[in-house]
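These notes are about the structure you will find just below.
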Amino acid sequence: MQVARLFGPNDLKLIEMAKPVPGLGEALCKVVRAGVCGTDYAIYTGEFSFVKNGMVKFPMTLGHEWSGIVEQIGTGVTNVKLGDRVVGDTGVSCGSCYECVMGNYGKCKSIHPVGTINAIDGAYAEYILMPARHLFHLPDNVSFDNGAMVEPAATALYSVIQADVRIGDTVLVLGSGPIGIAAAKLAKLCGASKVGIAARKDFKLQKTLALGVDVAINTTKISLADGIKQSFGDWGVDKIIEASGSTELFKESLGLINLGGIISVVAFYEKMVDKFDIDRFVFGDVKIHAVGGSLGMYKPTLRLMAAGMLDMTSLITGRYTLSQARQALDDMQIKGDTRIKSMLDISK
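Printed below as a string of structure tokens:
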């Protein structure tokens, strides 16, 4: 099978590898689509902190956002069959520890990510081998494109749940990547009375407005504080979802959220937050909730997609074949580029 194999920073090659054979409890899936993620790019360039500290092991195969078709199953597999359309988890748990047995496999201490850190091989390949228990059926009316974006959508859903968004709340999302845009859309679905998104690029902000978000704040043209005052008025902001990865925006948000508010942090900073004023959220009775990923959120996300309530495909702005995987990653560094999400079409 063909694999876009990463041998080290900026050293990605299309090579031939033996097609895996599924063992006990495993399924071999033909990959149809694979999303190109910012984490993939950070690993590819070597900029990711986990590359620098040796937790990313080379050679490896990127790709943790994917959809495909079950081609072979090992013994003992009963939840999927040949020909099933599926998506897969971003992590593989041990399946036998206390947390796994209790159904909290996302908290498994022996979990191995797919295609990222200390990982099993990902989906930048014609086939991917997964434990069948980590596969989910892709509804017939959900496209492979939308299916390959279940992971960022599921992460966004968890960020909204962690923010405890309720009917009538005012919500501000910081950051306009796929997770931030999806979080803004999902906050509206949860009944928020007004949802805003703050970011630096107009083309992304316009995309969120087209998806039904109420307010777009370009932080290169107006301060976040003034943007909130102008857009939310006396109501202020009850909930903030921090998806930008900016430590400065995170610190600023502490002084801008309403008393008793919740900040849901879904971004990854890779550094310490300096001069963090803990008194701001103590005296403001502000809660900070972390979002550890998407595990456990696939089923509700797929239900929303099947119901026609969540379509992520409009965020796809670039398409590549598997042989163009290197180009897809290189193109992510083009300044001024108007891409939001790139997709590998591995069926071609």
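Just so you know, we're using our numbering here: the sequence shown kicks off at -12 and counts up by one.
C-beta atoms are modelled at their ideal positions from N, C-alpha and C, and glycine is treated no differently.
Bridge partners of residue i, per DSSP?
i: Gly214; result: Gly214 pairs with nothing; no bridge assigned.
i: Gln59; result: Leu15
i: Trp53; result: Ala21
i: Val74; result: Ser54, Phe123
i: Gln(-11); result: Glu3
i: Ala186; result: Asn205
i: Ala170; result: According to DSSP, Ala170 bridges with nothing at all.
i: Gly305; result: Ser329
i: Tyr114; result: Lys17
i: Ala277; result: Val252
i: Thr157; result: Lys181
i: Pro100; result: Gly78
i: Met47; result: Leu(-7)
i: Lys226; result: Val158, Ile249
i: Ile244; result: Val224
i: Ile107; result: Val101
Considering only the beta carbon of each residue, do residue i and residue j sit closer than 9 angstroms?
i: Leu291; j: Leu297; result: yes
i: Ala112; j: Gln314; result: no
i: Gly279; j: Arg120; result: no
i: Asp332; j: Arg326; result: no
i: Ala5; j: Ile60; result: no
i: Ala197; j: Ser301; result: yes
i: Thr288; j: Ala140; result: yes
i: Ile148; j: Gly162; result: no
i: Gly271; j: Gly247; result: yes
i: Leu144; j: Ala169; result: yes
i: Thr77; j: Thr103; result: yes
i: Trp80; j: Ile98; result: Residue identity differs from the one stated: residue 80 is Ser in this sequence, not Trp. Taking 9 angstroms as the Cβ cut-off, Ser80 and Ile98 qualify as a contacting pair.
i: Ser310; j: Ala(-9); result: yes
i: Gly167; j: Ala186; result: yes
i: Tyr28; j: Gln320; result: yes
i: Thr234; j: Lys258; result: yes
i: Lys188; j: Asp201; result: no
i: Tyr256; j: Gly232; result: yes
I believe residue i touches residue j by the beta-carbon criterion, under 8 angstroms. Please report the beta-carbon distance rounded to the nearest angstrom.
i: Gly(-3); j: Gly33; result: Here the sequence assigns Asn to residue -3, which means Gly is not the residue at that position. Yes, they are in contact, since the Cβ atoms of Asn(-3) and Gly33 sit about 7 angstroms apart, within 8 angstroms.
i: Ala230; j: Ala254; result: 5 angstroms
i: Leu243; j: Ile204; result: 11 angstroms between Cβ atoms; not a contact.
i: Lys17; j: Tyr114; result: 6 angstroms
i: Pro46; j: Leu116; result: Contact flag wrong, Cβ pair sits at about 16 angstroms.
i: Gly22; j: Met284; result: Not really, about 16 angstroms apart at Cβ, beyond 8 angstroms.
i: Val269; j: Leu241; result: Actually they are not in contact, since the Cβ atoms of Val269 and Leu241 sit about 10 angstroms apart, beyond 8 angstroms.
i: Thr304; j: Lys328; result: 6 angstroms
i: Leu159; j: Ile227; result: 5 angstroms
i: Tyr31; j: Leu316; result: 5 angstroms
i: Asn245; j: Asp266; result: So it is not a contact: roughly 17 angstroms between Cβ atoms.
Going by C-alpha to C-alpha distance, which of the options sits closest to residue i?
i: Lys96; options: Gly102, Tyr85, Ile104; result: Tyr85
i: Val129; options: Ile30, Val74, Asn245; result: Val74
i: Asp221; options: Thr157, Val101, Cys24, Lys286; result: Thr157
i: Asp127; options: Ala150, Arg72, Ile104; result: Arg72
i: Arg66; options: Phe123, Glu235, Cys24; result: A small fix is needed here, since residue 66 is Asn in this sequence, not Arg. When each option's Cα is compared against that of Asn66, the closest is Phe123.
i: Leu173; options: Cys87, Ala29, Ser36, Ser146; result: Ser146
i: Ala293; options: Phe(-6), Leu(-7), Asn105, Leu125; result: Leu125
i: Thr142; options: Leu(-7), Asn105, Met299, Arg153; result: Met299
i: Phe237; options: Met89, Phe(-6), Gly223, Ile275; result: Ile275
i: Thr195; options: Leu(-7), Gly164, Val101, Cys24; result: Gly164
i: Glu105; options: Ala312, Gly199, Phe37; result: Here residue 105 is Asn; the residue named in the question, Glu, does not match the sequence. The shortest Cα separation from Asn105 among Ala312, Gly199, Phe37 belongs to Phe37.
i: Gly70; options: Gly63, Ser83, Glu58; result: Glu58
i: Gly63; options: Thr206, Pro118, Asn40; result: Pro118
i: Ala277; options: Glu138, Ile2, Ala150; result: Ala150
i: Ser210; options: Glu239, Val19, Pro7, Gly(-5); result: Glu239
i: Met42; options: Arg153, Pro100, Phe190, Lys68; result: Pro100
Q: For the region 50 to 67 and the region 125 to 142, state whether three or more C-beta atom pairs, one from each stretch, are separated by less than 8 angstroms.
A: Flag = yes, the region 50 to 67 and the region 125 to 142 touch.
Q: Decide if the region 250 to 265 is in contact with the region 175 to 191; the criterion is three or more beta carbon pairs, one per stretch, under 8 angstroms apart.
A: These segments do not touch.
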